[in-house]
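Once you know that position 96 of the sequence shown is 489 in the numbering used here, the rest is easy, because the numbers rise by one and skip nothing. Everything below concerns the one structure shown next.
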Amino acid sequence: MSRPDLLARLSQAQAERAEADLLRRLRSVEAADGPYVVIGGRRLLSFASNDYLGLAQHPRLREALTAAAQRWGVGATAAHLLGGHRDAHEALEHQLACWTGRERALLFSSGYMANLGVLGALLREGDLCLQDRLNHACLIDGARLSGATMKRYVHNDTASARRQFETAQGVPALLASDGVFSMDGDIAPLRELAALCREQGALLHVDDAHGIGVLGTDGAGSVAEAGLDQNDVPVLMATLGKALGVCGAFVAGSAALIDGLVQFARTHMYTTALPPALAAATSAAVDIARFETWRRVRLHALIAHWRSGARSRGLDLLPSRTPIQPLLVGDSTAALRLSRELETRGYYVPAIRPPTVAAGKARLRVTLSALHSESMVEQLLDAVVQARA
Ligand SMILES: Cc1ncc(COP(=O)(O)O)c(C=O)c1O
394 MSRPDLLARL SQAQAERAEA DLLRRLRSVE AADGPYVVIG GRRLLSFASN DYLGLAQHPR
454 LREALTAAAQ RWGVGATAAH LLGGHRDAHE ALEHQLACWT GRERALLFSS GYMANLGVLG
514 ALLREGDLCL QDRLNHACLI DGARLSGATM KRYVHNDTAS ARRQFETAQG VPALLASDGV
574 FSMDGDIAPL RELAALCREQ GALLHVDDAH GIGVLGTDGA GSVAEAGLDQ NDVPVLMATL
634 GKALGVCGAF VAGSAALIDG LVQFARTHMY TTALPPALAA ATSAAVDIAR FETWRRVRLH
694 ALIAHWRSGA RSRGLDLLPS RTPIQPLLVG DSTAALRLSR ELETRGYYVP AIRPPTVAAG
754 KARLRVTLSA LHSESMVEQL LDAVVQARA
């Protein structure tokens, strides 16, 4: 009996995507210089990066990286448990635990891996995993892989989450939410979610990929800003590749949680440790993010500037007070057209289309960084108005 050809099926799916104008295109960035990128030989002012504090090219990070690479070489050479765990990792874990007010922290090679690892270690078949409808793909994938029953509640709606809990009483449960939603920029109602989880005897897991470095007085993130401690949010995950400008991620929580993850998180156990030089660069980044408060102050001033400038030009905004300031377009083709129009005017702002966002919710995901100036923000606002005309 002949079998369907998998590569032909993949090509067919690709053709369907192209037909719907939803094809993704990999583009090479030839140079990066502060908020500018060079693509296809053209220098563009980028509003697309997650380098919210402007640390990715900071001299102290470069120095820490090169000094550690001189000492260790490049690769960690092994998984954490098999000789890959170096003192640079250990120091960073202590620093992250201290910053977030948790007993311990554990590094992962990416945020995707951290969420797969923690959900896989905690959940089993028959357990309940509640997820906000707009959670990041890796939280969804982590729950799927774990075998738990996943239910999704209406975005940021605690009453909807409560109803979902009530359909499955008496089973172990975990509620996972982005702290800051990656495509909308709004913040989860963390205090309400923590109270609900306490009432329901469920574990709360917050993915603060976009909150760390950005929110809270010392940048410890959305959970710290909400005044929630380790008892309220027992599982705190955040990435190192956004405001901290490097790459990787960590999970922070009680010593019991971290000890359990070391034993059971497969994406920690069966993968090569993050290069130690990256851990050293991240330590420098955490120092700057914690103590150079002016970067956060400047970022939030730019966000306010963007929002008042957009309002005065009649542009629709989503309710976000974070550096993620999407411009909702709706139709995918129109979003792509607007992005291309902006590019011809010298701005790089990619369109975000389904399936990353729901059908009819295509947008330009504008992100702001402490590297931008108010005049850059003004220029982009004017360009958007002209491009839409
Ligand atoms: C909310 C959220 N969680 C997790 C991730 C994944 O992190 P990483 O890029 O480190 O894999 C991202 C983005 O990439 C994200 O936006």
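Glycine is no exception: its CB is placed at the ideal position from the N, C-alpha and C atoms. All figures in this text were calculated on a predicted structure; none of them were measured in a lab.
The segment 416–435 makes no contact with the segment 656–671, as fewer than three CB pairs between them are under 8 angstroms. Looking at 712, 441, 768, 560, the one whose alpha-carbon comes closest to that of residue 521 is 560. Relative to the Cα of residue 493, the nearest Cα in the group 780, 680, 665 belongs to 680. With a cutoff of 7 angstroms, residue 603 counts as near ligand 1, since its C-beta is closer than that to a heavy atom of the ligand. Remark: the shortest separation between the CB of residue 581 and any heavy atom of ligand 1 does not fall under 7 angstroms. At least 8 angstroms separates the beta-carbon of residue 718 from that of residue 774.
Closer than 7 angstroms to some heavy atom of ligand 1: that does not describe the Cβ of residue 541.
With at least 16 other beta carbons inside 10 angstroms of its own, residue 742 counts as buried.
Membership of residue 733 in any beta strand (DSSP E) is not indicated; the residue belongs instead to the alpha helix (DSSP H) covering 725–737. Counting only runs of 4+ residues, the alpha helix (DSSP H) found wholly inside the segment 403–483 occupies 452–465, in chain order. For residue 661, there is no enclosing beta strand (DSSP E); the residue is found in the alpha helix (DSSP H) stretching over 659–662.
Not one heavy atom of ligand 1 lies closer than 7 angstroms to the C-beta of residue 570. Secondary-structure assignment with DSSP links residue 522 through a beta bridge to 543, 567. With fewer than three CB-CB distances shorter than 8 angstroms, the segment 686–706 does not count as touching the segment 465–480. At the C-beta level, residue 417 and residue 576 stay beyond 8 angstroms of one another. Beta-bridge pairing by DSSP links residue 628 to 598. Between ligand 1 and residue 600, a heavy atom-to-CB distance of less than 7 angstroms is present. DSSP lists 760 as the beta-bridge partner residues of residue 717.
Pairing residue 694 with residue 445 gives a Cβ-Cβ distance that is not under 8 angstroms.
Judged by beta-carbon spacing, residue 746 lies within the 8 angstroms limit of residue 725, meaning their Cβ atoms are closer than that value. In the structure shown, residue 574 adopts coil according to DSSP, grouped into three states. With 16 or more neighbouring CB atoms inside 10 Å of its own CB, residue 740 falls in the buried class. The alpha-carbon of residue 608 is positioned some 11 angstroms away from that of residue 682.
In this structure, the CA atom of residue 469 is about 13 angstroms from the CA atom of residue 663.
Taking C-beta atoms under 8 angstroms as the contact rule, residue 643 and residue 500 qualify, at a distance of about 5 angstroms. By the criterion of at least three beta-carbon pairs nearer than 8 angstroms, the segment 517–535 is in contact with the segment 563–574. Closer than 7 angstroms to some heavy atom of ligand 1: that does not describe the Cβ of residue 548. Cβ contact annotation for residue 653 (same chain, cutoff 7 angstroms, sequence separation greater than five): 514, in chain order. Restricting attention to 404, 484, 405, 744, the CA atom closest to the CA of residue 441 is found in 744. Under a 10 Å Cβ-count criterion, residue 510 is classified as buried, with 16 or more other Cβ atoms of the shown protein chains found around its own Cβ. For residue 467, same chain residues with a beta-carbon under 8 angstroms away, outside a window of 5 residues either side, are 668, 670 in chain order.
If you check the CB distance, residue 722 and residue 756 come in under 8 angstroms. Of 648, 428, 582, 542, the smallest CA-CA separation from residue 567 is found for 542.
When rounded, the separation of the alpha-carbon atoms in residue 707 and residue 720 is 12 angstroms.
In this structure, the alpha-carbon of residue 455 lies about 13 angstroms from that of residue 637.
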